[in-house]
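Taking full-length UniProt numbering, the leading residue of the sequence shown gets 1, the next gets one more, and so forth. Below is one structure, written out as structure tokens; the observations come after it.
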Amino acid sequence: METKIFKPDEVEAAAKLLRQGELVAFPTETVYGLGADATNEQAASNVYAAKGRPSDNPLIVTVSSIEMVERYAQPLSDKVKQLMAQFWPGSLTIVLPLKPGTLSKTVTGGLDTAAFRMPQNQVTLKLIATAGIPIVGPSANTSGKPSPTLAKHVYHDLNGKIAGIVDDGPTKVGVESTIIDMSVDVPTILRPGAVTVAELEQVIGDVKADHHHVGANEIPKAPGMKYKHYAPSAQVEIVDQTADFAAAMQWAAQQDETIGVMATDDVLAQLSVPQNVETYSLGQDIQSATHLLFAGLRHFDLESEVKVIFTEGFANTGLGAAYMNRLDKSAGGMHFTK
Ligand code: TXA
Ligand code: MG
């Protein structure tokens, strides 16, 4: 199958494919998602096959209206309504208890909850509304690879495996949505994202964070947390102190292979970069770094062969919590030490 690229004004054709049970990737403000009719079990199971995704890792249900959520979820609590009013459409995914028997086990992984999200992209909201059905929306990458922030990343991973990609340019945020579990007594963040703990607490009071690294024998709250993630072919190493980049460059200069560096412009400007080191700018600040993190990792995978990618660490607060969560997974927890 040749994967067709749709422009934003071609959503009608893309919606038709979705209704026919085909897979179509779509843009959101976080990362590109892989869409399929969430009410069609065969379509949903084809998503696992296309991504190479473990079958016990449930799919996000992507909607264009709150009414669509109410078809499947138990009556919404006041706190859930407040979250939707404040953050939807946007980078917040909300785990809710389901009405029994409404969504297939293929979508829910056998859980009695599902994760719902209304993304902030006009083209995608129109796509879902036109199709008239919620669509599953895992990130549109091969399982284990960095999430796609450009249509060409999706094409690279899934060409020939899916019917189409709606291309609406680069995504804005660059990492996946915040996931909050509202099916438990104390609202719990399962994955940090652009919507921060402080912003959530302003709306609904105390929330708990539960996105520590999950061990192999542990049952994680968000099943996806136990798998290897966002990993390019090269080893990623986190550089926590900008002063340590100098030592990293000294180490790099002694290597026979090419070495990569991803850092903000200020850091790069102060480095003396050896011949065998290639740099990738993360822009000015934590916003641009988050926006460019996955694209940078993919850049080194596709455009050059490097052995190690030294990547700038940020403070673990606000958007930095989302950035560091993804970077830590890319690096398999590896930090550069002098
Ligand atoms: O920004 C995003 O959320 C993107 C865009 C495309 O919408 N989607 C995304 O989907 O990141 P995915 O499948 O890559 O990550 C969804 C995570 C997985 O870790 C999964 O285990 C978890 O959500 N999840 C899904 N259903 C769940 C549930 N009922 N309870 C807890 N976690 C759930
Ligand atoms: Mg993913």
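For each residue, glycine too, the CB sits at the ideal point set by N, CA and C.
Element boundaries [alpha helix (DSSP H), containing residue i]
| i | result |
| --- | --- |
| N300 | Inspection of the sequence shows that residue 300 is occupied by Phe rather than by Asn. Unbroken alpha helix (DSSP H) run through F300: 286–303. |
| D157 | 151–158 |
| D266 | 265–269 |
| Y280 | No alpha helix (DSSP H) holds Y280; the beta strand (DSSP E) holding it covers 277–281. |
| F116 | Note, F116: premise wrong, no alpha helix (DSSP H); beta strand (DSSP E) at 113–117. |
| residue 347 | No answer is possible for residue 347: the residues shown for the chain start at 1 and end at 338. |
| T62 | Not the alpha helix (DSSP H): T62 falls in the beta strand (DSSP E), residues 60–62. |
| L18 | 11–19 |
| A253 | 245–253 |
| M324 | 319–330 |
| A43 | 41–51 |
| E67 | 66–70 |
| residue 385 | For residue 385 there is no data in the structure shown, the boundaries of the chain being 1 and 338. |
Identified DSSP bridge partners for residue i
| i | result |
| --- | --- |
| E237 | F310 |
| P134 | Answer is none; P134 lacks a bridge partner. |
| L34 | A25 |
| M262 | Y280, T311 |
| H229 | Note: H229 sits in no beta bridge, so no partner. |
| I162 | Paired residues: none, contrary to the question. |
| T188 | D181, K208 |
| S77 | The partner list for S77 (beta bridge, DSSP) is empty, contrary to what the question assumes. |
| S139 | G33 |
Residue burial classification, residue i (beta-carbon count within 10 angstroms, cutoff 16)
| i | result |
| --- | --- |
| Q270 | exposed |
| G215 | Residue placement at G215 cannot be trusted, given a pLDDT of 49 that sits under 50; the coordinates are not used to answer. |
| G137 | buried |
| V186 | exposed |
| A243 | exposed |
| D37 | buried |
| S55 | exposed |
| S139 | buried |
| H229 | buried |
| H335 | exposed |
| S147 | buried |
| A64 | One point to set straight first is that residue 64 is Ser, not Ala, in the sequence displayed. It counts as buried. |
| D78 | exposed |
| P75 | exposed |
| A25 | buried |
| T317 | exposed |
| K7 | exposed |
| G132 | exposed |
| T337 | exposed |
| K81 | exposed |
| S183 | buried |
| P100 | exposed |
| G164 | buried |
| G193 | buried |
Check whether residue i and residue j have beta carbons under 8 Å apart
| i | j | result |
| --- | --- | --- |
| residue 368 | N121 | With the chain represented from 1 up to 338, any question about residue 368 goes unanswered, as that position is not in the structure. |
| T106 | E41 | yes |
| A263 | E303 | no |
| V207 | I179 | no |
| L293 | L327 | yes |
| L190 | A14 | no |
| V306 | T279 | no |
| L297 | S281 | no |
| A331 | V236 | yes |
| I66 | L83 | no |
| F310 | Y323 | no |
| G283 | D256 | no |
| V11 | T130 | yes |
| E176 | T290 | no |
| V195 | G90 | yes |
| V47 | L23 | yes |
| R117 | T62 | yes |
| D157 | S233 | no |
| A73 | P97 | yes |
| L34 | A50 | yes |
| R19 | S143 | no |
| I259 | V239 | no |
| T108 | P170 | no |
| T102 | A295 | no |
Range of the contiguous beta strand (DSSP E) that encloses residue i
| i | result |
| --- | --- |
| V197 | Not the beta strand (DSSP E): V197 falls in the alpha helix (DSSP H), residues 197–204. |
| F6 | 4–6 |
| L92 | 92–97 |
Original post:
Where the beta carbon is closer than 6 Å to any heavy atom of ligand 2, which residues qualify, in chain order?
Top reply: A distance filter of 6 Å between CB atoms and the heavy atoms of ligand 2 selects the following residues in sequence order: P138, S139, S147.
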